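Enquirer: Following this message is one structure expressed as structure tokens.
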């Protein structure tokens, strides 16, 4: 059977009425039996006070215990301990508060457990991913790392708490320099028996009102190797095609020339044959020279560039008006290479079946980047073409070598920039790239 609970209100009434009745009973007994009021009345009063104190203390003790339990539970909440529950009390008025507290404790305990399980799952995934992950403070202290990052840094013990700047020297030289300068990109490590390629990405963000740095090192060796094989296959097919297109007619013409040598009356035909051979060999030389220039692309020579003069020269070379908001007179980049990129992009816009007047060229800047934009209203690209257009040897033009945009991409990447192409809403293409402002 459930114990019947008495409300706090009834207990308080009982604590007031019982001493009152006792007091009146004592007074009645004194008067009835003609006792001395001056003696018995104080004694009666003291007895009533002791009785009242005992009753109040008896009824208040569980109430005080309940308040203390709730206070202790809330302090545990503050310390993120949700394991405390409050037992049932005899006060019906407070049972709802007790039940609410216990329900809240259960919900928070369940959520904490689920959150802990999710954290364990996420940590397990991150620890076992082949990508090296490092999180550091603005002072370089490592806050978080995974197994792959320890292997990359050639460490066997836990590296959290160590200073990352002191461990960077354990990285491959190119990757170490890129990490120090926080430069994203692909970096190659060549040893005696193998070549490894890493892709470094870097992110800066605020965590708990403090600056943190996230470094991601992805081993791209297998992916790059597969891509290299595909590129070499494409190059071999392309060169084989061009050589066959030139050598086959040269071989045929050479045989014809051999036969004509013995016939003086066909001297004019012999000259035509030699001219054709010369034209095909020049074409072959130009074809090979394009690929040679692509493979010999030098590193950018970063120098101070007079922007008004740079824009004026580009307008004269391309015979086009360039809009700009460049208020700063000097920036630092390789003017020759960036000029070549703009010439290629403007040339592509003019060859896109667009109205010349519809081509828009602009150069903008803010505190972090210089942005170059070339827009046209010519033929748009398909999604597949947009995906592949920056790859070497891909072309949409008949007779194109597929190196123009690839060369542009290489130059911009070498400037730590980014080139992108996308279709415009009302037709046409937009090519834009940004390079960081160097102090």
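Residue numbers (the working numbering): 15 to 453.
All residues carry an ideal CB built from backbone N, CA and C; glycine is no exception.
Quick caveat, the model's predicted, so the values are computed rather than measured.
Buried or exposed for residue 15, please, with buried defined as at least 16 other CB atoms from any protein chain shown within 10 angstroms of its CB.
Expert: No answer about residue 15 holds up, because its pLDDT of 44 lies below 50 and its placement is not dependable.
Enquirer: Could you check how far apart the C-beta atoms of residue 235 and residue 214 are, in whole angstroms? I think they sit under 8 Å.
Expert: The pair is not a contact, with the Cβ atoms about 14 Å apart (cut-off 8 Å).
Enquirer: So if DSSP puts residue 72 in a beta bridge, which residue, or which two residues, is it bridged to?
Expert: DSSP output for residue 72 lists no bridge partner at all.
Enquirer: What is the DSSP secondary structure of residue 451, reduced to helix, strand or coil?
Expert: coil
Enquirer: Pick out the complete beta strand (DSSP E) segments inside the stretch 112 to 159, 3 residues or longer, and give them in chain order.
Expert: With a minimum length of 3 residues, the continuous beta strand (DSSP E) runs that stay inside the stretch 112 to 159 are 146 to 151 and 156 to 159.
Enquirer: May I ask you to report which of helix, strand or coil DSSP gives residue 354?
Expert: helix
Enquirer: Counting pairs of beta carbons, one from the stretch 327 to 334 and one from the stretch 350 to 363, are three or more of them closer than 8 Å?
Expert: Using a Cβ-Cβ distance cut-off of 8 Å, the stretch 327 to 334 and the stretch 350 to 363 are in contact, since at least three pairs of beta carbons, one from each stretch, lie closer than that value.
Enquirer: Give the single residue among 233, 117 and 227 whose Cα lies nearest to the Cα of residue 145.
Expert: 233
Enquirer: Considering only residues of the same chain and omitting the five flanking positions on each side of residue 328, which have a CB-CB separation below 7 Å?
Expert: 336, 353 and 356
Enquirer: Enumerate in chain order the residues of its own chain whose CB-to-CB distance from residue 72 is below 6 Å, with the five nearest sequence positions on each side excluded.
Expert: none
Enquirer: Anyone know if the C-beta pair for residue 137 and residue 225 falls short of 8 Å?
Expert: no
Enquirer: CB-CB under 6 Å to residue 404, same chain, minus the five flanking residues each way: which ones, in chain order?
Expert: Excluding its 5 nearest sequence neighbours in each direction, residue 404 has C-beta neighbours in its own chain below 6 Å: 419 and 423, listed in chain order.
Enquirer: Relative to the C-alpha of residue 428, which residue among 366, 351 and 237 is closest?
Expert: Closest by alpha carbon: 351.
Enquirer: Assign residue 397 to one of two classes, buried (16 or more other C-beta atoms within 10 Å of its C-beta) or exposed (fewer than that).
Expert: exposed
Enquirer: Going by DSSP in three states, residue 337 sits in which element: helix, strand or coil?
Expert: strand
Enquirer: If you run the structure through DSSP and keep just helix, strand and coil, what is residue 197?
Expert: coil
Enquirer: Does residue 170 come out as helix, strand or coil in the three-state DSSP assignment?
Expert: coil
Enquirer: Give the C-beta separation of residue 426 and residue 379 to the nearest angstrom, bearing in mind that I take them to be a contact with Cβ-Cβ under 8 Å.
Expert: Not really, about 16 Å apart at Cβ, beyond 8 Å.
Enquirer: Please state whether DSSP places residue 368 in a helix, a strand or coil.
Expert: coil
Enquirer: What residue does the beta strand (DSSP E) around residue 179 start on, and which one ends it?
Expert: Careful: residue 179 lies outside any beta strand (DSSP E), inside the alpha helix (DSSP H) at 178 to 181.
Enquirer: Grab the span of the alpha helix (DSSP H) containing residue 384 for me, first residue to last.
Expert: From DSSP, residue 384 is part of no alpha helix (DSSP H) but of the beta strand (DSSP E) over 383 to 389.
Enquirer: Indicate the three-state DSSP secondary structure (helix, strand or coil) for residue 429 in the structure shown.
Expert: coil
Enquirer: Pull up the distance between the alpha-carbon of residue 445 and that of residue 314, whole angstroms please.
Expert: Each residue's Cα considered, the two are about 21 Å apart.
Enquirer: I need the straight-line Cα distance from residue 140 to residue 171, nearest angstrom please.
Expert: 17 Å
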